[in-house]
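**Q** First the structure, which I've put down as structure tokens, then a few questions once you've had a look.
Chains as they are written, first to last, in the working numbering: chain A, 19 to 73; chain B, 429 to 870.
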């Protein structure tokens, strides 16, 4: 089992744009079974942590 | 007695603290003044859409490669704080091969072989460095200056303090013009191609600077430089005096506004003679101030001053730099990706602009849109392919660095998805290569 981070830059224009980008990315990244296990909202980006679920 | 002793101790302590505070305050003040000088000067250059070089130097040219290990947001912060970017990690100097194509229809004579940048910076057969290079012009910059209280434009030229001294003034307003300016550059495309070759040759070295954790490193490459051979400084005395009382030595500029002698009838001739004498005296003072010489009497490198105009409350001087020195540049930045590969070139000016955040988001969205299309193409083709073609795709993915080690057939798509990163232009490009490969007939 291993965790890996991914980053989505924040849109300076709109929070909705950032939210949509984060959700689209999470949907794509978890399609094969990996899980979103943590997140961190920073001034310029959102850091997402995924778990590959492998033993 | 006891009270008296405590009082003496107290006075001694207060004195010691005062001396310490003065000493520390002096150091901090000196350092902050130097920082302020750098920042003020750089802000004027930045106003002309040029990234300042500080300190001014002759030794920077197109093709210079610098390593940048500061994150972009931190760079923006430092650039705002200091006014310039440190060019302290000079990795290498490429000799741009694109000069000929870039200039042969404009600045080169037909049938003449040119070796750039030398033939523009130091042309043979002439004692006039940079004369053949393309000229540029900059607007003049206004400033105010006050002795002892810092300047709101501190410039790295001698003309300002010398002029201030000549007027014996504690405050002045003025302008500075960057004259005799030249530029030399090369196109980004040819330089980026050269940089890619350079990166391949130095991949082992660059691999040390591959992304690790949150740390991303960059290469900064200079594409254009700006040099000046002369700066003109004009100062107007802005201090307020009362009664015209001079204490001690009168200010030198008074030499050109001395009173007329009362026992002469030829007023115009005497006035002219007075002015000429005063002018000569001032010129000598200025030249002495501006011409630093070594032990052998040779003029040291740097600017030399020449008086161009003077009156009782103003002084104008030209400061010449022979040869001209570089005060600004333009360039591009490339991310150092995994295994020392390079990302797409991004203009340094854009990186330092706060709107770059918008560009980063846009870049992510483009990478996501294109990358998911490539990924879905790979997934569709892979699931429909023969075992032999599947193996070939997995091998190709390894060679492109999209997966780090061989994986089983059923795990391939899942592992490949983990390497997907819309922020990484190189990786997105490699996904496209793999998508094209997967679309080819077996």
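Backbone N, C-alpha and C define an ideal beta-carbon position, used for all residues, glycine too. Values in this document were obtained by computation on a predicted structure and should not be read as measured data.
With DSSP collapsed to three states, give me the class of residue 646 of chain B.
**A** Strand at residue 646 of chain B.
**Q** Does the beta carbon of residue 842 of chain B come closer than 7 Å to any beta carbon on chain A?
**A** Closer than 7 Å: yes.
**Q** Helix, strand or coil for residue 652 of chain B? Go by DSSP, reduced to three states.
**A** The answer is strand: DSSP assigns residue 652 of chain B an E or B state.
**Q** In the DSSP assignment, the beta strand (DSSP E) including residue 492 of chain B goes from what residue to what residue?
**A** Note, residue 492 of chain B: beta strand (DSSP E), 492 to 496.
**Q** Whole angstroms are fine: how far does the CA of residue 618 of chain B sit from the CA of residue 519 of chain B?
**A** Spanning the two alpha carbons is a distance of roughly 19 Å.
**Q** Using the beta-carbon of each residue, which ones in chain A are nearer than 7 Å to residue 793 of chain B?
**A** The contacting residues are 39.
**Q** Residue 24 of chain A versus chain B: which residues are under 8 Å apart at the beta carbon?
**A** The answer, in chain order, is 849.
**Q** Buried or exposed: residue 31 of chain A, going by 16 or more other Cβ atoms within 10 Å of its Cβ?
**A** It counts as exposed.
**Q** Within 8 Å, do at least three Cβ pairs link the segment 617 to 633 of chain B to the segment 521 to 534 of chain B?
**A** The segment 521 to 534 of chain B, when compared against the segment 617 to 633 of chain B, does touch it at the 8 Å Cβ threshold.
**Q** What is the DSSP secondary structure of residue 741 of chain B, reduced to helix, strand or coil?
**A** Correct three-state label for residue 741 of chain B: coil.
**Q** Measure the C-alpha to C-alpha separation of residue 21 of chain A and residue 515 of chain B and round it to an integer number of angstroms.
**A** Roughly 37 Å between the two C-alpha positions.
**Q** Looking only at its chain, what residues have a beta carbon closer than 8 Å to the beta carbon of residue 673 of chain B, apart from the 5 residues adjacent to it on each side?
**A** Bear in mind that the predicted position of residue 673 of chain B carries a pLDDT of just 40, short of 50, making it too unreliable to give a figure here.
**Q** What did DSSP end up calling residue 45 of chain A once you bin it into helix, strand or coil?
**A** The answer is helix: DSSP assigns residue 45 of chain A an H, G or I state.
**Q** List the DSSP bridge partners of residue 485 of chain B.
**A** B:754, per the DSSP bridge assignment.
**Q** Can a CB atom of chain B be found closer than 7 Å to the CB of residue 69 of chain A?
**A** Closer than 7 Å: no.
**Q** From the DSSP output, in three-state form, read off residue 847 of chain B for me.
**A** Residue 847 of chain B falls in the coil class under three-state DSSP.
**Q** When DSSP labels each residue in this structure, what does residue 52 of chain A get in the three-state scheme?
**A** DSSP places residue 52 of chain A in coil when its eight states are reduced to three.
**Q** Residues in the segment 791 to 821 of chain B with C-beta within 7 Å of chain A's C-beta atoms, listed in sequence order?
**A** So the list reads 792, 793, 796 and 800, given in the order they occur along the chain.
**Q** Buried or exposed: residue 580 of chain B, going by 16 or more other Cβ atoms within 10 Å of its Cβ?
**A** Note on residue 580 of chain B: pLDDT 45, under 50, position unreliable in the model; no value is reported.
**Q** For a test of the three-state rule: what should DSSP assign to residue 768 of chain B, helix, strand or coil?
**A** Helix.
**Q** Measure the C-alpha to C-alpha separation of residue 867 of chain B and residue 792 of chain B and round it to an integer number of angstroms.
**A** Rounded to whole angstroms, residue 867 of chain B to residue 792 of chain B spans 25 Å at the Cα level.
**Q** Do residue 660 of chain B and residue 607 of chain B have their beta-carbon atoms positioned less than 7 Å apart in this structure?
**A** Against a cut-off of 7 Å, the Cβ pair of residue 660 of chain B and residue 607 of chain B comes out as a contact.
**Q** Considering residue 631 of chain B, what are the terminal residues of the beta strand (DSSP E) in which it resides?
**A** Unbroken run through residue 631 of chain B is the alpha helix (DSSP H), 631 to 635; no beta strand (DSSP E).
**Q** How about residue 54 of chain A and residue 43 of chain A: do their beta carbons lie closer than 7 Å?
**A** No, Cβ-Cβ distance for residue 54 of chain A and residue 43 of chain A is not below 7 Å.
**Q** Answer with yes or no whether the minimum CB distance from residue 760 of chain B to chain A is below 7 Å.
**A** So, not an interface residue.
**Q** For residue 569 of chain B, which residues from the same chain have a beta carbon less than 6 Å from its beta carbon, with the 5 sequence-adjacent residues on both sides left out?
**A** Same-chain partners within the cutoff: 472 and 604.
**Q** Using 8 Å for Cβ pairs, my map puts residue 614 of chain B next to residue 530 of chain B. What's the rounded Cβ distance?
**A** Between residue 530 of chain B and residue 614 of chain B the Cβ distance is about 5 Å, and since that is below 8 Å, they are a contact.
**Q** In chain A, which residues lie less than 7 Å from residue 788 of chain B when you measure between Cβ atoms?
**A** By Cβ distance, chain A contributes 27.
**Q** Reducing DSSP to helix, strand and coil, say where residue 467 of chain B ends up.
**A** If DSSP states are grouped into helix, strand and coil, residue 467 of chain B belongs with the helices.
**Q** Along the chain, where does the alpha helix (DSSP H) that runs through residue 863 of chain B open and close?
**A** It spans 853 to 867 - the alpha helix (DSSP H) in which residue 863 of chain B sits, taken as one unbroken run.
**Q** Measuring straight from C-alpha to C-alpha, what distance separates residue 806 of chain B and residue 851 of chain B?
**A** Their backbone Cα atoms lie some 19 Å apart in a straight line.
**Q** Could you check the C-alpha separation between residue 39 of chain A and residue 560 of chain B for me, to the nearest Å?
**A** One C-alpha to the other measures close to 52 Å.
**Q** If we define contact as Cβ-Cβ less than 7 Å, is residue 856 of chain B a contact residue for chain A?
**A** No, residue 856 of chain B lies away from the interface with chain A (no Cβ there is under 7 Å from its Cβ).
**Q** Just reading off the beta strand (DSSP E) that residue 826 of chain B is part of, what are its end residues?
**A** Counting along the chain, residue 826 of chain B falls outside any beta strand (DSSP E), though it belongs to the alpha helix (DSSP H) covering 815 to 827.
**Q** I'd like the list of long-range same chain contacts for residue 612 of chain B, defined as Cβ closer than 8 Å, with 5 residues on each side in sequence excluded.
**A** Around residue 612 of chain B: 489, 490, 544, 545, 548, 549, 561, 562, 652, 653 and 655.
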